[in-house]
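A.B. asks: Structure in structure tokens, see below.
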DNA sequence: ATATCTGCCTGCTCGC
DNA sequence: TGCGAGCAGGCAGATA
């Protein structure tokens with residue numbers, strides 16, 4: 047389940063491999079993977095374009111083309127993206143959904159077992175990213191900005207952190223990790239957080255994401271860097287996937303509950319239900 | 001408007 | 001060993 051740190055890691059790897067490469071054609075093996083435009087327009091617009099940059103916004107991967115268009119890819123749950131040389135046996139793997147032929151004979155391959163991932167080719171990225179919330183690692187993302195987005199929201203803070211329109215890039219893993227680091231119970235209504243708690247949460251979000259990027263992300267279960275080194279952040283997880291294990295701060299057993307249909311992990315002692 | 005629920009998907013784990 | 005049930009989850013779209 048690639049979240050912001052995993053997408054950032056993949057973008058950094060692809061940047062080295064893709065910039066300056068020219069797209070020749072695309073083969074879409076699972077039509078629903080292509081969100082927009084239709085296959086004919088997609089091929090016509092992409093053919094002959096050269097990648098000039100690879101970036102990220104939230105959990106979206108952005109490949110800027112010299113035509114001015116942007117190839118946008120969301121990996122969702124099980125999506126993987128890799129450049130492969132001609133003749134690589136992985137080109138024929140079961141779950142390959144889109145294969146991009148490059149001018150030098152290599153391929154950019156999008157593989158996605160669960161078929162949740164999506165690909166767009168757009169003139170204007172706002173068409174896809176328009177409503178996305180602020181980039182949490184951007185210097186312009188402040189605690190005050192976060193607070194403004196939580197005020198008047200009665201939903202559980204965990205649910206709000208998963209809402210990409212409030213902050214972009216957090217998924218189930220880093221939402222749990224940030225709440226633990228900040229010492230905030232996942233069921234607390236967003237509007238109930240004090241000024242100080244919002245400050246702690248803002249700092250925790252940035253800290254957790256930055257630390258994970260430094261470790262090349264958390265690669266577990268469905269998401270392992272398929273064709274590169276594994277991320278090491280997995281061994282640093284404080285609460286996610288650790289029910290019953292001792293809290294790294296106070297040794298109280300980690301509890302697991304469901305919040306907003308998502309499995310949620312927290313320390314009942316470090317993250318009290320009623321705040322301080 | 002916000003909050004909650006469902007569908008999309010397949011592979012893995014668990015219990016019998 | 002085999003098999004079905006349940007679970008995992010990001011996000012769009014529907015509903016209350």
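Residue numbers (my numbering): 47 to 322. Backbone N, C-alpha and C fix where the C-beta goes; we use that ideal spot for every residue, glycine too. Bear in mind the structure is a predicted one, so any value in this text is a computation, not a measurement.
Leaving out the 5 sequence neighbours to the left and right, which residues in its chain are closer than 7 Å to residue 244 when beta-carbon positions are compared?
C.D. replies: The answer, listed in chain order, is 189, 192, 193, 196.
A.B. asks: How should residue 132 be labelled, buried or exposed, when 16 other C-beta atoms within 10 angstroms of its C-beta is the threshold for buried?
C.D. replies: So residue 132 counts as exposed.
A.B. asks: Going along the chain, which residues of its own chain have a beta-carbon closer than 7 Å to the beta-carbon of residue 61, five neighbours each way excluded?
C.D. replies: The residues are 100.
A.B. asks: Residue 319 to residue 216, Cα distance in whole Å?
C.D. replies: Rounded to whole angstroms, residue 319 to residue 216 spans 22 Å at the Cα level.
A.B. asks: Closer than 8 Å by C-beta to residue 103: which residues in its own chain qualify, once you throw out the five before and the five after it? Chain order, please.
C.D. replies: Excluding residues within five positions, the ones whose Cβ falls inside 8 Å are 171, 175, 178, 181, 214.
A.B. asks: Just tell me which of 140, 128, 49 has its CA closest to the CA of residue 105.
C.D. replies: Nearest of 140, 128, 49 to residue 105, Cα basis: 49.
A.B. asks: So, at 8 Å on beta carbons, what are the nonlocal neighbours of residue 300 in its own chain, with the 5 sequence-adjacent residues on each side left out?
C.D. replies: 285, 288, 289, 290, 291, 292, 293, 311, 312, 313.
A.B. asks: In its own chain, which residues sit with a C-beta less than 6 Å from the C-beta of residue 358, not counting the 5 before and 5 after it?
C.D. replies: No answer is possible for residue 358: the residues shown for the chain start at 47 and end at 322.
A.B. asks: Give me the Cβ distance between residue 137 and residue 153, rounded to the nearest whole Å; I'm assuming they're in contact under 8 Å.
C.D. replies: Indeed, because the Cβ distance is near 6 Å, the residues count as touching under 8 Å.
A.B. asks: Please go through the region 56 to 93 and give each complete alpha helix (DSSP H) segment of 4 or more residues, from N-terminal end onward.
C.D. replies: Those alpha helix (DSSP H) runs which fall completely within the region 56 to 93 and span 4+ residues are 85 to 92.
A.B. asks: Tell me whether residue 245 sits in a helix, a strand or coil according to DSSP, three-state version.
C.D. replies: Reduced to three states, the DSSP call for residue 245 is helix.
A.B. asks: Classify residue 311 as helix, strand or coil using the three-state DSSP reduction.
C.D. replies: Strand at residue 311.
A.B. asks: Here's the rule: buried if 16 or more other CB atoms are within 10 angstroms of the residue's CB, otherwise exposed. What is residue 185?
C.D. replies: The residue in question, residue 185, is exposed, as its Cβ has fewer than 16 Cβ neighbours within 10 Å.
A.B. asks: Can you tell me the Cα-Cα spacing of residue 304 and residue 64, whole angstroms?
C.D. replies: Going by the C-alpha atoms only, they are around 40 Å apart.
A.B. asks: Take the Cβ of residue 87 as the centre, count every other Cβ of all protein chains shown within 10 Å, and call the residue buried at 16 or more, exposed below.
C.D. replies: When all chains shown are included, residue 87 counts as exposed.
A.B. asks: I think residue 167 touches residue 112, with their Cβ atoms under 8 Å apart; what is that distance to the nearest whole Å?
C.D. replies: No, residue 167 and residue 112 are not in contact; Cβ-Cβ is about 14 Å, not under 8 Å.
A.B. asks: What are the uninterrupted segments assigned as alpha helix (DSSP H) that are 4 or more residues long and contained completely in the region 142 to 181, given in chain order?
C.D. replies: Complete alpha helix (DSSP H) runs here, min 4: 172 to 175.
A.B. asks: Check for me: the alpha helix (DSSP H) holding residue 120 runs from which residue to which?
C.D. replies: Unbroken run through residue 120 is the beta strand (DSSP E), 116 to 120; no alpha helix (DSSP H).
A.B. asks: Tell me the rounded alpha-carbon separation between residue 169 and residue 110.
C.D. replies: One C-alpha to the other measures close to 10 Å.
A.B. asks: Cβ of residue 78 within 8 Å of any heavy atom in the ligand GDP?
C.D. replies: The ligand GDP is absent from the structure shown, which contains no ligands of any kind.
A.B. asks: What first and last residue would you give for the beta strand (DSSP E) that runs through residue 106?
C.D. replies: Element bounds for residue 106: 106 to 111.
A.B. asks: To the nearest angstrom, report how far apart residue 47 and residue 143 are at their CA atoms.
C.D. replies: Each residue's Cα considered, the two are about 17 Å apart.
A.B. asks: With a Cβ-Cβ cutoff of 9 Å, do residue 230 and residue 203 count as a contact?
C.D. replies: It is a contact, given that the beta carbons lie within the stated cut-off.
A.B. asks: Rounded to the nearest angstrom, what separates residue 199 and residue 210 at their Cα positions?
C.D. replies: Distance between the alpha carbons of residue 199 and residue 210: 15 Å.
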